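A.B. asks: Numbering (mature numbering (1 follows the signal peptide of the UniProt record, and there is no 0)), first residue to last: -25 to -1, 1 to 359.
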């Protein structure tokens, strides 16, 4: 009889233990992960990609958190992203930005833990995304340079052989002009005249509308940095957004009442090409703006780039000008003509231009890159 009672008590204890573990496993996490970008991606072995999550403290206590390191992943801790470690008050969030380095496949994570006083993660207080949102990073063949051309009639083309041949993607928004194209190894973006930004994770085969920051006004220009998407609008504003477009904050308008036709972001400044004929500069993330170097040629400025300590701008009369004064006090020097759209690579080694007749040229090399289509080329972008 005593043995039976002892056995029954042992069974009850084990059942209670399993119930406690089960309750802990199914309880609401103290901090949660909301993906801002695709988390299942293929990354070329010679490239990188960015994955972002919003991490939110769901508890009633302040927590100091840290991410457990992952081979092949670098946590980005610059402004706008979670530092390492990071402190979240109750209901507070930050953006966990992860750079995928293209040298290791990754399956699982990220794992974010409470930081103990000794600086190490507490293994008993760690959480990760739900299974469908865990990192799933595969590696692909090295990326080849890819040219993109967005057209006035709403078609987007790409070339992987320096313009010798062109392939059309599925139109992002059929019949609506593509005013801007930017890309990373994992995402392709198109800014459309219908006021919406579209993105694609499959090289333009399918598209998703991700942001309409100013309904009724065309998207005029896009710029993508490591962790941020910048959107320029015909309503005169620039919007600073997450990579998935779900959160956007407007800057102050560079020239109220005039469309922002082009944007560029350097390490220290924002630049805006305005329909009023000026180029504007901001060193405080768009809080205030300064017109620099005077009007370019009296026409609307459609594009602006900074590379190798030189400003490049394109105007509505199809001219390109340069200036070596990046913050004002300089002059504009003619660089090229018959350029309907402009692209300049980060190091200034590639200066490309699209024409109203559907051709693409390398101005830096002085050669034609090929005929794209019977439509003005509104936007040019080079990835790689």
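Just so you know, even glycine gets a beta-carbon here, dropped at the ideal spot from N, CA and C.
Remember, it's a predicted structure, so these values are computed and weren't measured experimentally.
Less than 8 Å between C-beta atoms, sequence neighbours within five positions excluded: which residues of the same chain meet that for residue 260?
C.D. replies: The residue labelled residue 260 in the question sits at position 285 within the chain shown. Here the set comprises 215, 226, 245.
A.B. asks: Since residue 23 and residue 76 should fall inside the 8 Å C-beta cutoff, what is the C-beta to C-beta distance between them, to a whole number of angstroms?
C.D. replies: Here residue 23 refers to the residue found at position 48 of the chain shown. Here residue 76 refers to the residue found at position 101 of the chain shown. The pair is a contact, with the Cβ atoms about 6 Å apart (cut-off 8 Å).
A.B. asks: Residues in its own chain within less than 6 Å of residue 42 by CB, not counting five upstream and five downstream?
C.D. replies: For this step, residue 42 is matched to residue 67 along the chain shown. Contacts found: 50, 85, 87.
A.B. asks: Which ranges does the alpha helix (DSSP H) cover as unbroken runs of at least 4 residues, wholly within the segment 108 to 185, from first to last along the chain?
C.D. replies: List check, alpha helix (DSSP H) in window: nothing returned.
A.B. asks: What is the DSSP secondary structure of residue 106, reduced to helix, strand or coil?
C.D. replies: As a position in the chain shown, residue 106 is number 131, starting the count at 1. Residue 106: helix per DSSP, three-state reduction.
A.B. asks: Using 10 angstroms around the beta-carbon of residue 64, count the other beta-carbons present and answer buried if the total reaches 16, otherwise exposed.
C.D. replies: The count along the chain shown starts at 1 and reaches residue 64 at position 89. Counting Cβ neighbours within 10 Å, residue 64 comes out exposed, since fewer than 16 surround it.
A.B. asks: Let's test the definition: count the other Cβ atoms within 10 Å of the Cβ of residue 312 and tell me whether it reaches 16, buried, or not, exposed.
C.D. replies: Along the chain shown, one-based indexing puts residue 312 at 337. Residue 312 comes out exposed.
A.B. asks: With residue 62 as the anchor, note down where its beta strand (DSSP E) starts and where it stops.
C.D. replies: Translated into positions along the chain shown, residue 62 becomes position 87. Taken as a continuous stretch (DSSP letters only), the beta strand (DSSP E) holding residue 62 covers 61 to 63.
A.B. asks: Is the CB of residue 210 under 9 Å away from at least one CB in chain C?
C.D. replies: Going by chain labels, chain C is absent from the structure shown, which holds only one protein chain.
A.B. asks: Taking the beta strand (DSSP E) that residue 84 belongs to, which residues open and close that run?
C.D. replies: Residue 84 sits at position 109 when you count from the first residue of the chain shown. Segment: none, residue 84 is in no beta strand (DSSP E) and carries neither H nor E.
A.B. asks: What does the Cβ neighbour count give for residue 95, buried or exposed, with the cut at 16 atoms within 10 Å?
C.D. replies: Taking the chain shown and counting its residues from 1, one reaches residue 95 at position 120. Residue 95 comes out exposed.
A.B. asks: In chain order, what residues of the same chain have a beta carbon less than 6 Å from the beta carbon of residue 319, not counting five sequence neighbours either side?
C.D. replies: The sequence position of residue 319 within the chain shown is 344, counting from 1. 280, 282, 287, 326.
A.B. asks: From residue 297 to residue 309, what distance separates their C-alpha atoms?
C.D. replies: Here residue 297 corresponds to residue number 322 of the chain shown, with the count starting at 1. Here residue 309 corresponds to residue number 334 of the chain shown, with the count starting at 1. The alpha-carbon atoms of residue 297 and residue 309 are separated by roughly 7 Å.
A.B. asks: Determine the contact status of residue 239 and residue 211, defining contact as a CB-CB distance below 9 Å.
C.D. replies: In the chain shown, the residue the question calls residue 239 occupies position 264. In the chain shown, the residue the question calls residue 211 occupies position 236. Contact: no.
A.B. asks: Kindly indicate the opening and closing residues of the beta strand (DSSP E) around residue 41.
C.D. replies: As a first step, residue 41 must be located in the chain shown, where it is residue number 66. Its beta strand (DSSP E) spans residues 38 to 42.
A.B. asks: What does the Cβ neighbour count give for residue 242, buried or exposed, with the cut at 16 atoms within 10 Å?
C.D. replies: Looking up residue 242 in the chain shown gives position 267. It counts as exposed.
A.B. asks: Please state the DSSP three-state secondary structure of residue 353.
C.D. replies: The residue you call residue 353 lines up with position 378 of the chain shown. Reduced to three states, the DSSP call for residue 353 is strand.
A.B. asks: When burial is assigned at 16 or more other CB atoms within 10 Å of the CB, is residue 350 buried or exposed?
C.D. replies: Position 375 of the chain shown holds residue 350. So residue 350 counts as buried.
A.B. asks: Within its chain, find whatever has a CB closer than 6 Å to the CB of residue 290; leave out the 5 residues flanking it on each side and keep chain order.
C.D. replies: Within the chain shown, the letter at position 315 stands for residue 290. Contacts found: 271, 272, 274, 276.
A.B. asks: Rounded to whole angstroms, what's the CA-CA distance from residue 343 to residue 137? Just pull it up for me.
C.D. replies: For the purposes of this step, residue 343 is taken as residue 368 along the chain shown, with counting starting at 1. For the purposes of this step, residue 137 is taken as residue 162 along the chain shown, with counting starting at 1. Distance between the alpha carbons of residue 343 and residue 137: 10 Å.
A.B. asks: Whose C-alpha, out of 348, 34, 172, is nearest the C-alpha of residue 218?
C.D. replies: The residue you call residue 218 lines up with position 243 of the chain shown. Cα-wise, what sits closest to residue 218 is 172.
A.B. asks: So who's on the other strand from residue 225, going by DSSP bridges?
C.D. replies: Within the chain shown, residue 225 is the residue found at index 250, counting from 1. Paired residue(s): 214.
A.B. asks: Pull up the CB-CB distance for residue 166 and residue 196, whole angstroms please, since I reckon it's below 8 Å.
C.D. replies: Here residue 166 corresponds to residue number 191 of the chain shown, with the count starting at 1. Here residue 196 corresponds to residue number 221 of the chain shown, with the count starting at 1. Indeed they touch by this definition, with Cβ atoms about 6 Å apart.
A.B. asks: Going by DSSP in three states, residue 190 sits in which element: helix, strand or coil?
C.D. replies: Here residue 190 corresponds to residue number 215 of the chain shown, with the count starting at 1. Here residue 190 sits in coil by DSSP.
A.B. asks: Suppose the cutoff is 6 Å on Cβ atoms and the five residues either side in sequence are ignored; what does the same chain contact list for residue 304 look like?
C.D. replies: Locating residue 304 in the chain shown gives position 329, counting from the first residue. Here the set comprises nothing.
A.B. asks: Mind checking residue 3: buried by the 16 CB within 10 Å criterion, or exposed?
C.D. replies: Counting from 1 along the chain shown, the entry for residue 3 is found at position 28. Exposed, by the Cβ-count rule.
A.B. asks: Suppose you measure from the CA of residue 110 to the CA of residue 56; what does that come to, to the nearest Å?
C.D. replies: By 1-based counting over the chain shown, the position of residue 110 is 135. By 1-based counting over the chain shown, the position of residue 56 is 81. Approximately 18 Å between the Cα atoms of the pair.
A.B. asks: Using the C-alpha atoms, what's the distance from residue 99 back to residue -3?
C.D. replies: As a working mapping, residue -3 is identified with position 23 in the chain shown. As a working mapping, residue 99 is identified with position 124 in the chain shown. Note that residue -3 has pLDDT 38, beneath the 50 cutoff, so the model's placement of it is unreliable and the number below is only indicative. Cα-Cα distance, rounded: 15 Å.
A.B. asks: Please report the residue range of the beta strand (DSSP E) in which residue 301 lies.
C.D. replies: Numbered from its first residue, the chain shown carries residue 301 at position 326. Unbroken run through residue 301: none, as it is neither H nor E.
A.B. asks: With DSSP as the reference, identify every bridge partner of residue 199, one or two as the case may be.
C.D. replies: Here residue 199 corresponds to residue number 224 of the chain shown, with the count starting at 1. Its beta-bridge partners are 204.
A.B. asks: Quick check on DSSP: helix, strand or coil for residue 344?
C.D. replies: Walking along the chain shown from the start, residue 344 turns up at place 369. Note: residue 344 maps to strand in three-state DSSP.
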